[in-house]
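Inspection log for the structure reproduced underneath, given as C-alpha coordinates.
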Amino acid sequence: LISQLDQKITEHVTEQQKTDAKRAHDKSELEQLKQDIANANKQKQIISKALENKEKSLADVRTQLDQLEASMAMKQAEMNTDLIDHLSLDEKNLLSRLNPEITELKEKLITCRTDRIEYETRKAELETNLTTNLMRRKQELEALISSAENDVMLSEAESKKQELADAKSFVEDARQELKRVSDSIVQLTKELNKIKDEKTKLKTLEDNYERKLQDDARELEQLLSRRNILLAKQEEYSKKIRELGPLSSDAFDTYKRKGVKELLKMLHRCNEQLQQFSHVNKKALDQYVNFTEQREELQRRQAELDAGDEKIKELISVLDQRKDESIERTFKGVARHFREVFSELVQGGHGHLVMMKKKDGDHGDDDDDDGPRESDVEGRVEKYIGVKVKACTSVKMNSFAFIKIELLNI
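Take 2 as the starting number for the sequence shown in my numbering and just add one per residue.
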(Lines of atoms letter the chains of each structure in order from A and count residues from 1; the text may use other names and numbers.)
(Lines give C-alpha, C1' and ligand atoms only; values in the text may rest on other atoms or scores of the structure.)
Protein backbone atom coordinates (compact mmCIF):
# COMPACT_ATOMS: atom_id res chain seq x y z
CA LEU A 1 0.00 0.00 0.00
CA ILE A 2 2.85 2.38 0.86
CA SER A 3 4.60 1.65 -2.43
CA GLN A 4 1.37 2.35 -4.29
CA LEU A 5 1.00 5.65 -2.48
CA ASP A 6 4.62 6.53 -3.23
CA GLN A 7 4.04 5.71 -6.87
CA LYS A 8 0.87 7.80 -6.94
CA ILE A 9 2.67 10.70 -5.26
CA THR A 10 5.49 10.42 -7.79
CA GLU A 11 2.97 10.47 -10.63
CA HIS A 12 1.29 13.60 -9.22
CA VAL A 13 4.65 15.31 -8.74
CA THR A 14 5.62 14.43 -12.32
CA GLU A 15 2.28 15.70 -13.60
CA GLN A 16 2.73 18.91 -11.59
CA GLN A 17 6.19 19.39 -13.09
CA LYS A 18 4.76 18.87 -16.57
CA THR A 19 2.00 21.39 -15.77
CA ASP A 20 4.58 23.92 -14.56
CA ALA A 21 6.66 23.40 -17.70
CA LYS A 22 3.62 23.81 -19.95
CA ARG A 23 2.55 26.86 -17.98
CA ALA A 24 5.99 28.42 -18.43
CA HIS A 25 5.82 27.59 -22.13
CA ASP A 26 2.36 29.16 -22.43
CA LYS A 27 3.56 32.24 -20.55
CA SER A 28 6.49 32.52 -22.97
CA GLU A 29 4.12 32.25 -25.92
CA LEU A 30 1.85 34.87 -24.31
CA GLU A 31 4.78 37.27 -23.96
CA GLN A 32 5.67 36.60 -27.59
CA LEU A 33 2.08 37.35 -28.62
CA LYS A 34 2.15 40.58 -26.61
CA GLN A 35 5.35 41.55 -28.40
CA ASP A 36 3.74 40.68 -31.75
CA ILE A 37 0.71 42.82 -30.86
CA ALA A 38 2.99 45.74 -29.97
CA ASN A 39 4.87 45.29 -33.24
CA ALA A 40 1.56 45.14 -35.12
CA ASN A 41 0.42 48.38 -33.46
CA LYS A 42 3.69 50.06 -34.42
CA GLN A 43 3.35 48.79 -37.95
CA LYS A 44 -0.24 50.01 -38.01
CA GLN A 45 0.90 53.50 -36.98
CA ILE A 46 3.59 53.45 -39.66
CA ILE A 47 1.03 52.35 -42.27
CA SER A 48 -1.39 55.04 -41.08
CA LYS A 49 1.29 57.70 -41.50
CA ALA A 50 2.17 56.30 -44.92
CA LEU A 51 -1.51 56.33 -45.84
CA GLU A 52 -1.80 59.98 -44.80
CA ASN A 53 1.25 60.79 -46.93
CA LYS A 54 -0.30 58.90 -49.84
CA GLU A 55 -3.55 60.81 -49.42
CA LYS A 56 -1.63 64.09 -49.41
CA SER A 57 0.24 62.98 -52.52
CA LEU A 58 -3.07 62.02 -54.13
CA ALA A 59 -4.49 65.46 -53.35
CA ASP A 60 -1.40 67.08 -54.85
CA VAL A 61 -1.72 64.91 -57.97
CA ARG A 62 -5.37 65.82 -58.33
CA THR A 63 -4.47 69.50 -58.01
CA GLN A 64 -1.78 69.13 -60.66
CA LEU A 65 -4.23 67.27 -62.88
CA ASP A 66 -6.77 70.08 -62.55
CA GLN A 67 -4.05 72.59 -63.36
CA LEU A 68 -3.06 70.64 -66.47
CA GLU A 69 -6.66 70.36 -67.64
CA ALA A 70 -7.16 74.11 -67.10
CA SER A 71 -3.92 74.86 -68.91
CA MET A 72 -4.90 72.66 -71.82
CA ALA A 73 -8.33 74.30 -72.04
CA MET A 74 -6.76 77.71 -71.95
CA LYS A 75 -4.37 76.76 -74.73
CA GLN A 76 -7.20 75.51 -76.88
CA ALA A 77 -9.07 78.77 -76.29
CA GLU A 78 -6.01 80.79 -77.13
CA MET A 79 -5.44 78.82 -80.34
CA ASN A 80 -8.97 79.72 -81.47
CA THR A 81 -8.68 83.47 -80.70
CA ASP A 82 -8.54 86.17 -83.41
CA LEU A 83 -5.00 87.21 -84.37
CA ILE A 84 -5.89 90.35 -86.26
CA ASP A 85 -4.07 92.68 -83.91
CA HIS A 86 -0.83 90.87 -84.58
CA LEU A 87 -1.05 91.04 -88.40
CA SER A 88 1.16 93.33 -90.44
CA LEU A 89 -0.15 96.08 -92.80
CA ASP A 90 0.18 93.90 -95.89
CA GLU A 91 -1.65 91.07 -94.12
CA LYS A 92 -4.46 93.50 -93.15
CA ASN A 93 -4.81 94.61 -96.76
CA LEU A 94 -4.95 90.98 -97.78
CA LEU A 95 -7.56 90.33 -95.12
CA SER A 96 -9.75 93.20 -96.39
CA ARG A 97 -9.76 91.59 -99.77
CA LEU A 98 -10.90 88.37 -98.26
CA ASN A 99 -14.27 89.52 -96.92
CA PRO A 100 -16.15 86.39 -97.97
CA GLU A 101 -13.94 84.40 -95.76
CA ILE A 102 -14.35 86.81 -92.86
CA THR A 103 -18.00 85.85 -92.45
CA GLU A 104 -17.11 82.24 -92.11
CA LEU A 105 -14.36 83.08 -89.70
CA LYS A 106 -16.76 85.19 -87.62
CA GLU A 107 -19.08 82.22 -87.30
CA LYS A 108 -16.17 80.19 -86.13
CA LEU A 109 -15.26 83.00 -83.76
CA ILE A 110 -18.73 82.86 -82.23
CA THR A 111 -18.30 79.18 -81.69
CA CYS A 112 -14.91 79.73 -80.17
CA ARG A 113 -16.28 82.42 -77.90
CA THR A 114 -18.98 80.06 -76.73
CA ASP A 115 -16.33 77.50 -75.91
CA ARG A 116 -14.29 80.19 -74.30
CA ILE A 117 -17.19 81.14 -72.04
CA GLU A 118 -17.45 77.52 -70.93
CA TYR A 119 -13.74 77.34 -70.30
CA GLU A 120 -13.82 80.63 -68.44
CA THR A 121 -16.60 79.27 -66.26
CA ARG A 122 -14.37 76.31 -65.48
CA LYS A 123 -11.53 78.70 -64.91
CA ALA A 124 -13.59 80.74 -62.45
CA GLU A 125 -14.21 77.59 -60.43
CA LEU A 126 -10.52 76.84 -60.27
CA GLU A 127 -9.37 80.41 -59.56
CA THR A 128 -10.48 80.09 -55.95
CA ASN A 129 -7.31 78.08 -55.25
CA LEU A 130 -4.74 79.03 -57.90
CA THR A 131 -5.82 82.33 -59.51
CA THR A 132 -2.37 83.86 -59.47
CA ASN A 133 -0.69 80.81 -61.02
CA LEU A 134 -3.27 80.55 -63.77
CA MET A 135 -2.96 84.23 -64.69
CA ARG A 136 0.80 84.02 -64.81
CA ARG A 137 0.56 80.84 -66.87
CA LYS A 138 -1.88 82.62 -69.21
CA GLN A 139 0.53 85.47 -69.76
CA GLU A 140 3.33 83.02 -70.47
CA LEU A 141 1.18 81.15 -72.96
CA GLU A 142 0.09 84.39 -74.66
CA ALA A 143 3.73 85.41 -75.02
CA LEU A 144 4.52 81.95 -76.33
CA ILE A 145 1.65 82.11 -78.86
CA SER A 146 2.74 85.53 -80.06
CA SER A 147 6.31 84.39 -80.67
CA ALA A 148 5.93 80.76 -81.73
CA GLU A 149 4.68 79.19 -84.92
CA ASN A 150 1.60 77.07 -85.23
CA ASP A 151 3.55 73.79 -85.43
CA VAL A 152 5.40 74.63 -82.20
CA MET A 153 2.10 75.23 -80.44
CA LEU A 154 0.74 71.94 -81.72
CA SER A 155 3.87 70.19 -80.51
CA GLU A 156 3.49 71.79 -77.07
CA ALA A 157 -0.16 70.76 -77.02
CA GLU A 158 0.85 67.16 -77.71
CA SER A 159 3.43 67.44 -74.95
CA LYS A 160 0.77 68.70 -72.56
CA LYS A 161 -1.49 65.82 -73.59
CA GLN A 162 1.33 63.42 -72.81
CA GLU A 163 1.86 65.14 -69.46
CA LEU A 164 -1.86 64.79 -68.80
CA ALA A 165 -1.74 61.09 -69.67
CA ASP A 166 1.28 60.64 -67.37
CA ALA A 167 -0.53 62.48 -64.61
CA LYS A 168 -3.58 60.24 -65.05
CA SER A 169 -1.33 57.19 -64.96
CA PHE A 170 0.32 58.49 -61.80
CA VAL A 171 -3.09 59.09 -60.26
CA GLU A 172 -4.14 55.54 -61.15
CA ASP A 173 -0.95 54.15 -59.60
CA ALA A 174 -1.60 56.21 -56.50
CA ARG A 175 -5.14 54.83 -56.34
CA GLN A 176 -3.82 51.27 -56.69
CA GLU A 177 -1.25 51.92 -53.96
CA LEU A 178 -3.96 53.40 -51.76
CA LYS A 179 -6.13 50.34 -52.38
CA ARG A 180 -3.21 48.04 -51.55
CA VAL A 181 -2.49 49.95 -48.34
CA SER A 182 -6.18 49.79 -47.41
CA ASP A 183 -6.24 46.04 -48.03
CA SER A 184 -3.10 45.66 -45.94
CA ILE A 185 -4.70 47.64 -43.11
CA VAL A 186 -7.78 45.41 -43.29
CA GLN A 187 -5.59 42.29 -43.22
CA LEU A 188 -3.58 43.60 -40.27
CA THR A 189 -6.81 44.43 -38.47
CA LYS A 190 -7.99 40.86 -38.99
CA GLU A 191 -4.69 39.50 -37.72
CA LEU A 192 -4.87 41.82 -34.71
CA ASN A 193 -8.37 40.55 -33.92
CA LYS A 194 -7.13 36.99 -34.33
CA ILE A 195 -4.24 37.68 -31.95
CA LYS A 196 -6.68 39.17 -29.45
CA ASP A 197 -8.81 36.02 -29.69
CA GLU A 198 -5.72 33.85 -29.17
CA LYS A 199 -4.77 36.00 -26.20
CA THR A 200 -8.23 35.51 -24.70
CA LYS A 201 -7.99 31.74 -25.24
CA LEU A 202 -4.54 31.63 -23.65
CA LYS A 203 -5.82 33.66 -20.71
CA THR A 204 -8.67 31.19 -20.26
CA LEU A 205 -6.26 28.27 -20.57
CA GLU A 206 -3.94 29.87 -18.02
CA ASP A 207 -6.83 30.29 -15.59
CA ASN A 208 -7.75 26.64 -16.07
CA TYR A 209 -4.16 25.60 -15.41
CA GLU A 210 -4.10 27.76 -12.30
CA ARG A 211 -7.24 26.08 -10.97
CA LYS A 212 -5.94 22.62 -11.86
CA LEU A 213 -2.61 23.40 -10.23
CA GLN A 214 -4.35 24.48 -7.05
CA ASP A 215 -6.45 21.29 -7.08
CA ASP A 216 -3.33 19.18 -7.62
CA ALA A 217 -1.56 21.01 -4.80
CA ARG A 218 -4.43 20.28 -2.42
CA GLU A 219 -4.52 16.65 -3.51
CA LEU A 220 -0.75 16.39 -3.14
CA GLU A 221 -0.97 17.85 0.35
CA GLN A 222 -3.56 15.23 1.26
CA LEU A 223 -1.40 12.47 -0.18
CA LEU A 224 1.65 13.71 1.73
CA SER A 225 -0.36 13.76 4.93
CA ARG A 226 -1.55 10.21 4.27
CA ARG A 227 2.00 9.19 3.40
CA ASN A 228 3.26 10.53 6.74
CA ILE A 229 0.57 8.55 8.54
CA LEU A 230 1.51 5.38 6.66
CA LEU A 231 5.22 5.97 7.34
CA ALA A 232 4.41 6.27 11.04
CA LYS A 233 2.53 2.97 10.83
CA GLN A 234 5.44 1.43 8.94
CA GLU A 235 7.84 2.56 11.67
CA GLU A 236 5.52 1.09 14.31
CA TYR A 237 5.30 -2.24 12.49
CA SER A 238 9.08 -2.29 11.96
CA LYS A 239 9.55 -1.76 15.68
CA LYS A 240 7.24 -4.68 16.40
CA ILE A 241 9.18 -6.83 13.90
CA ARG A 242 12.44 -5.94 15.65
CA GLU A 243 10.87 -6.90 18.96
CA LEU A 244 10.11 -10.32 17.48
CA GLY A 245 13.86 -10.96 17.14
CA PRO A 246 15.98 -11.95 14.13
CA LEU A 247 14.16 -13.42 11.16
CA SER A 248 15.37 -15.70 8.42
CA SER A 249 16.59 -14.13 5.16
CA ASP A 250 13.65 -15.45 3.13
CA ALA A 251 10.95 -14.39 5.60
CA PHE A 252 10.06 -11.19 3.76
CA ASP A 253 10.00 -12.84 0.33
CA THR A 254 7.84 -15.68 1.64
CA TYR A 255 5.09 -13.49 3.13
CA LYS A 256 5.40 -10.51 0.77
CA ARG A 257 2.48 -11.46 -1.50
CA LYS A 258 0.10 -12.64 1.24
CA GLY A 259 -2.93 -10.58 2.19
CA VAL A 260 -3.33 -8.65 5.43
CA LYS A 261 -6.14 -10.86 6.73
CA GLU A 262 -4.19 -14.02 6.02
CA LEU A 263 -1.12 -12.61 7.77
CA LEU A 264 -3.22 -11.68 10.81
CA LYS A 265 -4.58 -15.22 11.01
CA MET A 266 -1.07 -16.66 10.72
CA LEU A 267 0.14 -14.23 13.40
CA HIS A 268 -2.64 -15.33 15.73
CA ARG A 269 -1.78 -19.02 15.24
CA CYS A 270 1.92 -18.27 15.73
CA ASN A 271 1.20 -16.45 18.99
CA GLU A 272 -0.78 -19.43 20.22
CA GLN A 273 2.10 -21.75 19.35
CA LEU A 274 4.61 -19.43 21.05
CA GLN A 275 2.66 -19.73 24.27
CA GLN A 276 3.86 -23.34 24.45
CA PHE A 277 7.52 -22.19 24.40
CA SER A 278 7.25 -19.42 26.96
CA HIS A 279 9.76 -21.25 29.21
CA VAL A 280 12.48 -21.28 26.49
CA ASN A 281 15.39 -18.85 26.86
CA LYS A 282 14.91 -16.39 24.02
CA LYS A 283 18.52 -15.21 24.03
CA ALA A 284 19.84 -18.77 23.77
CA LEU A 285 17.47 -19.43 20.89
CA ASP A 286 18.73 -16.33 19.09
CA GLN A 287 22.33 -17.47 19.59
CA TYR A 288 21.47 -20.91 18.23
CA VAL A 289 19.92 -19.41 15.13
CA ASN A 290 22.95 -17.15 14.59
CA PHE A 291 25.41 -20.01 15.09
CA THR A 292 23.44 -22.20 12.67
CA GLU A 293 23.59 -19.50 10.00
CA GLN A 294 27.34 -19.00 10.61
CA ARG A 295 27.96 -22.77 10.33
CA GLU A 296 26.10 -22.90 7.01
CA GLU A 297 28.14 -19.94 5.77
CA LEU A 298 31.43 -21.60 6.84
CA GLN A 299 30.44 -24.88 5.17
CA ARG A 300 29.65 -23.04 1.98
CA ARG A 301 33.02 -21.25 2.07
CA GLN A 302 34.80 -24.57 2.81
CA ALA A 303 33.20 -26.10 -0.27
CA GLU A 304 34.33 -23.13 -2.36
CA LEU A 305 37.91 -23.44 -1.00
CA ASP A 306 37.98 -27.21 -1.73
CA ALA A 307 36.84 -26.57 -5.28
CA GLY A 308 39.53 -23.90 -5.66
CA ASP A 309 42.21 -26.26 -4.28
CA GLU A 310 41.20 -28.93 -6.78
CA LYS A 311 41.44 -26.43 -9.64
CA ILE A 312 44.90 -25.32 -8.43
CA LYS A 313 46.12 -28.93 -8.35
CA GLU A 314 44.85 -29.51 -11.86
CA LEU A 315 46.60 -26.34 -13.02
CA ILE A 316 49.93 -27.40 -11.39
CA SER A 317 49.69 -30.83 -13.05
CA VAL A 318 49.06 -29.26 -16.45
CA LEU A 319 51.96 -26.81 -15.99
CA ASP A 320 54.33 -29.67 -14.96
CA GLN A 321 53.34 -31.64 -18.01
CA ARG A 322 53.96 -28.62 -20.25
CA LYS A 323 57.39 -28.11 -18.59
CA ASP A 324 58.37 -31.77 -19.26
CA GLU A 325 57.25 -31.46 -22.86
CA SER A 326 59.19 -28.21 -23.26
CA ILE A 327 62.39 -29.76 -21.76
CA GLU A 328 62.15 -32.83 -23.99
CA ARG A 329 61.48 -30.69 -27.07
CA THR A 330 64.51 -28.51 -26.28
CA PHE A 331 66.71 -31.57 -25.60
CA LYS A 332 65.74 -33.13 -28.93
CA GLY A 333 66.81 -30.00 -30.78
CA VAL A 334 70.15 -29.80 -28.92
CA ALA A 335 70.83 -33.54 -29.45
CA ARG A 336 70.15 -33.23 -33.16
CA HIS A 337 72.55 -30.30 -33.53
CA PHE A 338 75.17 -32.15 -31.38
CA ARG A 339 75.01 -35.20 -33.65
CA GLU A 340 75.43 -33.07 -36.77
CA VAL A 341 78.35 -31.08 -35.32
CA PHE A 342 80.09 -34.21 -33.96
CA SER A 343 79.85 -35.99 -37.31
CA GLU A 344 81.40 -32.92 -38.97
CA LEU A 345 84.23 -32.62 -36.42
CA VAL A 346 85.07 -36.34 -36.14
CA GLN A 347 85.26 -38.06 -39.48
CA GLY A 348 83.47 -41.37 -39.38
CA GLY A 349 82.36 -40.76 -35.78
CA HIS A 350 78.92 -40.67 -34.25
CA GLY A 351 77.84 -38.81 -31.12
CA HIS A 352 74.59 -38.97 -29.20
CA LEU A 353 73.13 -37.11 -26.23
CA VAL A 354 71.12 -39.22 -23.81
CA MET A 355 68.81 -37.81 -21.10
CA MET A 356 69.39 -39.44 -17.71
CA LYS A 357 66.34 -39.98 -15.54
CA LYS A 358 66.14 -40.46 -11.80
CA LYS A 359 65.09 -44.08 -12.12
CA ASP A 360 68.23 -44.88 -14.17
CA GLY A 361 70.56 -44.20 -11.21
CA ASP A 362 74.06 -42.93 -11.54
CA HIS A 363 75.21 -45.75 -13.87
CA GLY A 364 72.08 -46.51 -15.76
CA ASP A 365 71.96 -45.69 -19.47
CA ASP A 366 68.89 -44.51 -21.22
CA ASP A 367 68.91 -45.62 -24.81
CA ASP A 368 66.56 -42.82 -25.78
CA ASP A 369 68.26 -40.22 -27.90
CA ASP A 370 66.79 -37.43 -29.94
CA GLY A 371 64.09 -39.68 -31.34
CA PRO A 372 60.40 -39.36 -30.46
CA ARG A 373 59.49 -39.76 -26.77
CA GLU A 374 56.16 -40.32 -25.10
CA SER A 375 55.15 -37.65 -22.62
CA ASP A 376 54.61 -38.72 -19.02
CA VAL A 377 51.41 -37.10 -17.82
CA GLU A 378 52.40 -37.40 -14.15
CA GLY A 379 56.05 -36.54 -14.77
CA ARG A 380 57.89 -33.80 -12.92
CA VAL A 381 61.02 -31.84 -13.72
CA GLU A 382 62.85 -33.60 -10.87
CA LYS A 383 62.93 -36.96 -12.71
CA TYR A 384 65.74 -35.66 -15.01
CA ILE A 385 69.16 -35.77 -13.27
CA GLY A 386 71.58 -35.10 -16.14
CA VAL A 387 72.70 -35.63 -19.73
CA LYS A 388 74.93 -38.49 -20.94
CA VAL A 389 77.07 -38.35 -24.10
CA LYS A 390 77.80 -41.45 -26.23
CA ALA A 391 80.65 -41.04 -28.72
CA CYS A 392 81.70 -43.75 -31.20
CA THR A 393 84.77 -43.33 -33.48
CA SER A 394 86.05 -45.85 -36.09
CA VAL A 395 89.85 -45.75 -36.89
CA LYS A 396 91.21 -47.91 -39.75
CA MET A 397 94.61 -49.46 -38.99
CA ASN A 398 95.86 -51.71 -41.83
CA SER A 399 93.05 -54.20 -42.32
CA PHE A 400 91.68 -54.04 -38.81
CA ALA A 401 88.80 -51.87 -37.56
CA PHE A 402 89.22 -50.31 -34.19
CA ILE A 403 86.12 -49.00 -32.43
CA LYS A 404 86.55 -46.69 -29.49
CA ILE A 405 83.58 -45.86 -27.25
CA GLU A 406 83.69 -43.12 -24.71
CA LEU A 407 81.05 -42.32 -22.16
CA LEU A 408 80.98 -38.87 -20.69
CA ASN A 409 78.73 -37.84 -17.89
CA ILE A 410 77.69 -34.25 -17.65
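Ideal Cβ positions, reconstructed from N, Cα and C, are used throughout, including at glycine. Since the model is a prediction, treat every value here as computed from it, not as a measurement.
**Prompt:** How about LEU34 and ILE196: are their beta carbons less than 7 Å apart?
**Reply:** Going by C-beta atoms, LEU34 is nearer than 7 Å to ILE196.
**Request:** Would you list the residues sitting across from VAL319 in a DSSP beta bridge?
**Result:** Its beta-bridge partners do not exist; DSSP assigns none.
**Asked** Measuring CA to CA, which of ASN209, HIS13, GLU192, GLU178 is closest to ASP27?
**Response** Residue ASN209 is the option with its Cα nearest to ASP27.
**Asked** For the beta strand (DSSP E) that LYS262 lies in, which residues bound it at each end?
**Response** Note, LYS262: premise wrong, no beta strand (DSSP E); alpha helix (DSSP H) at 261-275.
**Asked** Can we say the stretch 13-26 touches the stretch 211-225, given the rule of at least three CB pairs closer than 8 Å?
**Response** They touch, by the three-pair rule.
**Prompt:** The beta strand (DSSP E) spanning GLY352 covers which residue range?
**Reply:** 351-358
**Item:** Burial state of GLU332 (16 or more Cβ within 10 Å)
**Value:** The question names Glu, yet the displayed sequence has Phe at residue 332. Buried, since its Cβ has 16 or more Cβ neighbours within 10 Å.
**Request:** Quick one: using the 10 Å Cβ neighbour count with 16 as the cut-off for buried, is MET357 buried or exposed?
**Result:** buried
**Request:** Using beta-carbon positions only, say whether GLY352 and ARG337 come within less than 7 Å of one another.
**Result:** no
**Request:** Report the rounded CA-to-CA distance for GLN277 versus GLU222, giving the unit in angstroms.
**Result:** 48 Å
**Request:** May I have the straight-line CA-CA distance separating GLU273 from LEU264, to the nearest angstrom?
**Result:** 14 Å
**Item:** Proximity of VAL388 and LEU346 at Cβ, strictly below 7 Å
**Value:** no
**Prompt:** Just the Cα atoms here: how many angstroms apart are GLY260 and ARG228?
**Reply:** 20 Å
**Asked** In whole angstroms, what separates the C-alpha of LYS312 from that of ALA304?
**Response** 12 Å
**Asked** What did DSSP end up calling GLU150 once you bin it into helix, strand or coil?
**Response** Low confidence applies here, because GLU150 scores a pLDDT of 48, under 50, leaving its location unreliable and the question unanswered by this model.
**Asked** Going straight from the alpha carbon of ARG415 to that of THR15, what length do you get?
**Response** The structure shown does not extend to residue 415, since the chain is modelled only from 2 to 411, so the question has no answer here.
**Request:** Return the CA-CA distance between ASP287 and LEU320, expressed in angstroms with no decimal places.
**Result:** When the Cα atoms are used, ASP287 and LEU320 turn out to be separated by approximately 49 Å.
**Request:** Label GLU329 either buried or exposed according to how many other C-beta atoms from any shown protein chain fall within 10 Å of its C-beta, with 16 as the threshold for buried.
**Result:** buried
**Asked** If we count the other Cβ atoms within 10 Å of its Cβ and call it buried at 16 or more, is MET267 buried or exposed?
**Response** Burial call: exposed.
**Prompt:** According to the neighbour-count rule (16 or more other Cβ atoms, all chains shown, within 10 Å of its Cβ), is ALA71 buried or exposed?
**Reply:** buried
**Request:** Check whether the Cβ atoms of ASP217 and GLN17 lie closer than 7 Å to each other.
**Result:** yes
**Request:** Whole angstroms is fine: what's the gap from ARG296's alpha carbon to LYS19's?
**Result:** 55 Å
**Through-space distance from SER318 to GLY350, alpha-carbon basis** = So the two alpha carbons sit approximately 41 Å from each other.
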